[in-house]
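Undergrad: This structure is in structure tokens; I'll ask about it shortly.
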Amino acid sequence: MNDILPQETPHWRRLEQTVSRLLASYGYGEIRLPLVEKTELFSRSIGEVTDIVEREMYSFDDRNGENLTLRPEGTAGCVRAAIQQSLLNVPQRLWYAGPMFRYERPQKGRQRQFHQIGVESFGVASPDMDAEHMLLCARLWRQLGLAGAIELQLNSLGNSAARREYRQALVTYLEAHVDALDEDSRRRLHSNPLRILDSKVAQTRQVLDAAPVMADYLDDESRADFARLCELLQAAGVRYTVNSRLVRGLDYYNKTVYEWVTTRLGAQGTVCGGGRYDNLVEQLGGRQTPAVGFAMGMERLVLLMLEAGAADTSVPAPVDVYAVAAGEGAQREALAAVEALRDRLGELAIVQHTGGGSFKSQLKRADKSGARVALIWGEDEVRTQTVTVKLMREGAVPGEHSGQQCVPREQLEATLRAVFAD
Ligand code: ATP
Ligand code: MG
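Per this note's numbering: the sequence shown = residues 8 to 429.
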């Protein structure tokens with residue numbers, strides 16, 4: 008579980024602000040969901056035989072003996088809320104963002120507390136909704152300067168009958184190669200064989216190369232929907248590759264599944280994943296409601312933004328003006344004057360020196376803060392009702408501003424405006 012430090016948060020904010028503006032522009036409403044849900048919500052939706060439910064959840068008994076879990080993902084909670092709050096009478100476009108928790112082996116781009124932005128649409132069965140989600144992602148990558156770094160992989164898992172038939176074919180094939188499978192995959196051979204397709208073990212992947220593919224088993228409706236989706240994406244200029252081995256790590260998907268992947272983050276290359284889950288609402292006690300959604304990993308996107316140079320790594324100094332004052336009278340005057348400045352120059356970050364000390368030590372702090380301007384109040388300034396305005400970054404300031412000037416109190420605002428107008 009990581010700390011996100013002040014020099015990193017500007018990148019997070021950029022991502023968050025870009026996403027929230029974009030989603031609002033597509034008509035999505037933000038929903039804020041609890042971090043804790045009943046454990047059974049996750050085991051019933053994500054699936055008992057999945058990495059998440061088998062070994063990644065942070066679960067605990069509360070004081071009533073009820074088993075609760077820190078959410079490992081957002082879809083289950085969003086569906087729970089949509090059912091409980093009667094949001095499903097009309098088509099809904101929802102999004103959320105926040106921390107998720109999975110007990111995984113931490114590495115670059117993989118943490119135990121990580122952050123996702125999730126998007127869910129309820130009530131539309133046709134693939135135009137799937138396409139909308141992908142268009143929205145494609146636009147987001149463009150806005151973040153990542154369009155060249157991320158590619159879309161698509162697959163269809165078909166309906167449950169098709170999946171059952173495919174599953175049988177896959178099991179028959181894998182049974183014949185059981186000795187070459189890794190231990191996890193062997194264990195899953197009968198409990199959740201589709202998950203084996205997602206195995207990262209090299210030897211298992213080799214076996215999978217010749218395995219039957221889902222595309223040959225699709226039901227007519229799923230096949231038609233998938234073809235339509237591909238057609239819509241092509242018409243809208245979204246590039247994709249069909250990856251017939253793509254399955255997702257959660258059991259609730261049907262029909263469309265997809266991932267946005269990059270080769271620039273090593274093994275943790277999936278920055279966003281999603282798909283259709285037309286049966287989940289009903290499975291969790293709601294009325295049959297088609298649904299589609301995706302979630303993106305914010306850590307990975309921020310890493311990618313930095314890696315791709317899409318984010319300026321030299322974060323601008325958080326301080327514009329640093330105010331120093333020596334002597335009680337000067338401090339009193341400075342405090343009030345800085346407050347008055349904040350009333351009128353709200354766009355500037357003005358830090359007031361606190362804790363006293365000599366001019367020298369205060370100006371050292373001013374310099375360290377990265378501020379462009381120091382404002383100085385001493386006994387002389389109080390007596391003459393002036394303020395000394397000192398430009399701290401001479402080289403960076405164009406024009407004829409001298410290094411230091413003493414200005415009448417009432418001209419302070421105008422002087423600062425002039426300096427920061429450059
Ligand atoms: P992976 O195969 O990388 O484990 P996943 O299939 O478990 O991913 P999802 O549950 O679909 O991932 O979550 C969507 C996205 O959230 C992922 O594509 C990834 O970007 C991000 N994500 C998932 N788990 C983590 C984690 N432990 N740390 C950081 N990001 C994560
Ligand atoms: Mg995972």
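Every residue gets a Cβ at the ideal spot worked out from N, C-alpha and C, and that includes glycine.
Is it true that the CB of Pro-297 sits closer than 9 Å to the CB of Phe-233?
TA: Here residue 233 refers to the residue found at position 226 when the sequence shown is read from its first residue. Here residue 297 refers to the residue found at position 290 when the sequence shown is read from its first residue. No, the pair does not count as a contact, with Cβ atoms beyond the cut-off.
Undergrad: Have a look at Ala-209 and Asp-186 and give me their C-alpha separation to the nearest angstrom.
TA: Walking along the sequence shown from the start, residue 209 turns up at place 202. Walking along the sequence shown from the start, residue 186 turns up at place 179. Rounded to the nearest angstrom, the two C-alpha atoms are 14 Å apart.
Undergrad: Please list, in chain order, all residues of the same chain as Met-443 whose beta carbon is under 7 Å from its beta carbon, the five residues on each side excluded.
TA: Residue 443 lies beyond the range of the chain shown here (8 to 429); nothing can be said about it.
Undergrad: Under 8 Å: does the beta carbon of Ile-90 sit that close to some heavy atom of the ligand MG?
TA: On the sequence shown, residue 90 is found 83 positions in, with the first residue counted as 1. Flag unset: Cβ of Ile-90 not near the ligand MG.
Undergrad: Buried or exposed: Met-8, going by 16 or more other Cβ atoms within 10 Å of its Cβ?
TA: Start at 1 with the first residue of the sequence shown, and residue 8 comes out as number 1. Exposed is the call here.
Undergrad: Can you tell me whether Ala-302 is helix, strand or coil according to DSSP?
TA: The count along the sequence shown starts at 1 and reaches residue 302 at position 295. In this structure, Ala-302 counts as strand in the three-state DSSP scheme.
Undergrad: Is the region 54 to 64 touching the region 92 to 99, taking contact as three or more C-beta pairs under 8 Å?
TA: Taking 8 Å as the limit for Cβ pairs, the verdict is that the region 92 to 99 does not touch the region 54 to 64.
Undergrad: Measuring CB to CB, does Ala-302 end up less than 9 Å from Cys-279?
TA: Position 295 of the sequence shown, counted from the first residue, corresponds to residue 302. Position 272 of the sequence shown, counted from the first residue, corresponds to residue 279. Yes, the Cβ-Cβ distance between Ala-302 and Cys-279 is below 9 Å.
Undergrad: Quick check on the burial criterion: 16 or more other C-beta atoms within 10 angstroms. Buried or exposed for His-197?
TA: Numbered from 1 along the sequence shown, position 190 holds the residue referred to as residue 197. Its Cβ having fewer than 16 others within 10 Å, His-197 is exposed.
Undergrad: Looking at the ligand MG, does it come within less than 8 Å of Pro-58, judged from the CB to the closest heavy atom?
TA: One-based indexing of the sequence shown puts residue 58 at position 51. Contrary to the premise, residue 58 reads as Asp rather than Pro in this sequence. Yes, Cβ of Asp-58 sits closer than 8 Å to a heavy atom of the ligand MG.
Undergrad: Taking only the alpha-carbon atoms, compute the straight-line gap between Ser-206 and Asp-191 and give it to the nearest angstrom.
TA: On the sequence shown, position 199 is the one that residue 206 refers to. On the sequence shown, position 184 is the one that residue 191 refers to. Taking the straight line joining both Cα atoms gives about 9 Å.
Undergrad: Determine the contact status of Leu-30 and Leu-153, defining contact as a CB-CB distance below 9 Å.
TA: Against the sequence shown, residue 30 aligns to sequence position 23. Against the sequence shown, residue 153 aligns to sequence position 146. For Leu-30 and Leu-153, no; Cβs fall outside 9 Å.
Undergrad: In whole angstroms, what separates the C-alpha of Gln-275 from that of Gly-125?
TA: Mapped onto the sequence shown, residue 275 falls at position 268. Mapped onto the sequence shown, residue 125 falls at position 118. Approximately 18 Å between the Cα atoms of the pair.
Undergrad: If Arg-87 sits next to Glu-44, beta carbons under 8 Å apart, how far is it from one beta carbon to the other, in whole angstroms?
TA: In the sequence shown, the residue the question calls residue 87 occupies position 80. In the sequence shown, the residue the question calls residue 44 occupies position 37. That pair is a contact at about 7 Å.
Undergrad: Answer with buried or exposed for Pro-415, where buried requires no fewer than 16 other C-beta atoms within 10 angstroms of its C-beta.
TA: Translated into positions along the sequence shown, residue 415 becomes position 408. Flag for Pro-415 reads exposed.
Undergrad: Can the beta-carbon of Leu-225 be found closer than 9 Å to that of Gly-281?
TA: For this step, residue 225 is matched to residue 218 along the sequence shown. For this step, residue 281 is matched to residue 274 along the sequence shown. Not in contact: Leu-225 and Gly-281 (Cβ atoms no closer than 9 Å).
Undergrad: To which residues of the same chain is Glu-388 closer than 7 Å at the C-beta, ignoring the five residues directly before and after it?
TA: Here residue 388 corresponds to residue number 381 of the sequence shown, with the count starting at 1. So the qualifying residues of the chain are Ala-337, Val-394 and Thr-395.
Undergrad: Got a sec? Which residues, its chain only, sit under 8 Å from Leu-75 by beta carbon, not counting five neighbours each side?
TA: Residue mapping note: residue 75 aligns to position 68 of the sequence shown, counting from 1. Excluding residues within five positions, the ones whose Cβ falls inside 8 Å are Val-43, Glu-44, Lys-45, Thr-46, Ser-66, Phe-67, Asp-68 and Asp-69.
Undergrad: Is Asp-205 near the ligand ATP, with its Cβ less than 8 Å from a heavy atom?
TA: Counting from 1 along the sequence shown, the entry for residue 205 is found at position 198. Yes, Cβ of Asp-205 sits closer than 8 Å to a heavy atom of the ligand ATP.
Undergrad: Give me the Cα-Cα distance between Asp-223 and Asn-71, rounded to the nearest whole angstrom.
TA: Within the sequence shown, numbered from 1, the residue matching residue 223 stands at position 216. Within the sequence shown, numbered from 1, the residue matching residue 71 stands at position 64. Whole-angstrom Cα-Cα distance: 50 Å.
Undergrad: Since Cys-144 contacts Trp-267 with CB under 8 Å, what's their CB separation in whole angstroms?
TA: For the purposes of this step, residue 144 is taken as the residue at position 137 of the sequence shown. For the purposes of this step, residue 267 is taken as the residue at position 260 of the sequence shown. Indeed, because the Cβ distance is near 6 Å, the residues count as touching under 8 Å.
Undergrad: Exposed or buried, what is Cys-85 when buried is set at 16 or more other beta-carbons lying within 10 Å of its beta-carbon?
TA: Here residue 85 refers to the residue found at position 78 when the sequence shown is read from its first residue. It is buried - the Cβ of Cys-85 has at least 16 other Cβ atoms within 10 Å.
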